[in-house]
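The working numbering puts the first residue of the sequence shown at 18, with every later residue one more than the last. No residue lacks a Cβ here, since even glycine has one placed at the ideal position from N, Cα and C.
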Amino acid sequence: MIPIDPDSLVTPRLDLRVPTDADTRGLLALYGDREVMRHWSHPVWTCPAQARAAIAEAQTDRARGSGLHLVIVSRSDGGLAGSCALFDIHPQHRRATLGYLLARPYWGQGLAGEAVRALLGYGFDALDLVRIEAEVIPGNRASTALLARLGFRCEGLLRARWRVDGKAIDVQLWALLRAERVA
18 MIPIDPDSLV TPRLDLRVPT DADTRGLLAL YGDREVMRHW SHPVWTCPAQ ARAAIAEAQT
78 DRARGSGLHL VIVSRSDGGL AGSCALFDIH PQHRRATLGY LLARPYWGQG LAGEAVRALL
138 GYGFDALDLV RIEAEVIPGN RASTALLARL GFRCEGLLRA RWRVDGKAID VQLWALLRAE
198 RVA
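Here it is, written out as structure tokens:
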């Protein structure tokens with residue numbers, strides 16, 4: 018098990034912190050937005066219980082050392098701007114999977130990149146990871162552009178990887194090695 022210590026990561030415009038019950042409403046709004054969720058691996062949330070379950074899972078994963086799930090909070094307005102995570106952390110193989118999601122009012126401001134850079138820094142430096150992966154639905158141009166800017170490489174297509182609302186979804190597998198990291 019890798020100890021996951023931070024309660025928060027700070028960037029110039031964002032606070033990334035462990036979610037609490039006070040984030041239930043904000044997380045439900047984020048994951049309940051069909052436009053935000055159109056490139057995601059599970060259906061749109063419809064009730065507060067789903068947000069509460071995700072908060073509990075985030076706390077359990079952190080305690081086990083298998084994941085670090087954070088909410089992204091805008092320092093300018095205090096709003097819940099999104100979420101990001103390193104999950105499926107495999108200490109033996111020194112790899113993890115990256116996920117991130119940004120609320121529509123915060124799109125186009127470079128905030129996803131700012132949050133992901135902070136999380137990558139923590140993963141490579143504090144957790145001593147060597148590889149961080151991300152899965153992206155083909156056609157998600159914003160996400161693939163962000164990953165490319167950060168130095169990730171597309172390694173291939175995973176066919177029928179996810180099932181969302183009964184439909185099989187293909188995803189591209191992207192990965193970044195610590196040695197290839199872009200400053």
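TODO: Determine, using beta carbons only, whether Arg148 and Arg111 come nearer to each other than 8 Å.
DONE: Yes; because the gap between Cβ atoms is below 8 Å, this pair is in contact.
Task: Cutoff 8 Å: Ala46 Cβ touching any chain D Cβ - done: Of the protein chains in the structure, only one exists, and it is not chain D.
Open item on the list: For a quick check, are the C-beta atoms of Leu85 and Ala98 less than 8 Å apart?
Closed with: It is not a contact, given that the beta carbons lie outside the stated cut-off.
- [ ] Kindly indicate which three-state DSSP category Ser93 falls into: helix, strand or coil?
- [x] Here Ser93 sits in coil by DSSP.
Task: Counted within 10 angstroms of its Cβ, other Cβ atoms place Ala113 as buried (16 or more) or exposed - done: Ala113 should be labelled buried.
TODO: Any chance you could list the beta strand (DSSP E) runs of at least 3 consecutive residues sitting entirely within the segment 121-190, in chain order?
DONE: You should have 148-153 and 170-181.
Task: Enclosing beta strand (DSSP E) for Arg112 [first to last residue] - done: Note, Arg112: beta strand (DSSP E), Arg112 to Leu119.
Open item on the list: Less than 8 Å between the C-beta atoms of Arg36 and Ala75, yes or no?
Closed with: Residue identity check: residue 36 is Pro in the sequence provided, not Arg. The answer is yes: Cβ separation under 8 Å.
Open item on the list: I need the DSSP call for Gly99, collapsed to helix, strand or coil.
Closed with: Strand.
Task: Distance, Arg134 Cα to Glu152 Cα - done: Linking Glu152 to Arg134 through their CA atoms gives a straight-line distance of about 17 Å.
TODO: Compare the Cα-Cα distances from Ser93 to each of Gly156, Leu31, Gln109 and Gly138 and report the closest residue.
DONE: With distances taken between Cα atoms, Ser93 lies closest to Leu31.
TODO: With distances taken Cα to Cα, identify the nearest neighbour of Arg195 among Asp78, Val181, Ala143 and Gly156.
DONE: Nearest Cα to Arg195 within the set Asp78, Val181, Ala143 and Gly156: Ala143.
Task: Cβ-based neighbour list, Leu45, same chain, cut-off 8 Å, excluding 5 preceding and 5 following - done: Counting only Cβ-Cβ distances below 8 Å, and skipping sequence neighbours, we find Trp62, Cys64, Pro65, Gln67 and Ala68.
Task: Beta-carbon proximity check, Ile154 vs His59, cutoff 8 Å - done: Going by C-beta atoms, Ile154 is not nearer than 8 Å to His59.
Open item on the list: Only counting the same chain, and skipping five residues up and downstream in sequence, which positions put a Cβ closer than 6 Å to that of Gly116?
Closed with: These residues qualify, in order along the chain: Ala102.
Open item on the list: Distance check for Leu167 and Pro23, CA to CA, integer angstroms please.
Closed with: So the alpha carbons of these two residues sit roughly 23 Å apart.
Open item on the list: Quick check on this structure: which residue in Ile89, Trp179, Thr77 and Gly95 has the alpha carbon closest to the alpha carbon of Gly130?
Closed with: If you compare the alpha carbons of Ile89, Trp179, Thr77 and Gly95 with that of Gly130, the shortest gap goes to Ile89.
Task: Range covered by the alpha helix (DSSP H) that runs through Val199 - done: Premise fails: Val199 is in no alpha helix (DSSP H) and is neither H nor E.
Task: Status (buried if at least 16 other CB within 10 Å, exposed otherwise) for Lys184 - done: So Lys184 counts as exposed.
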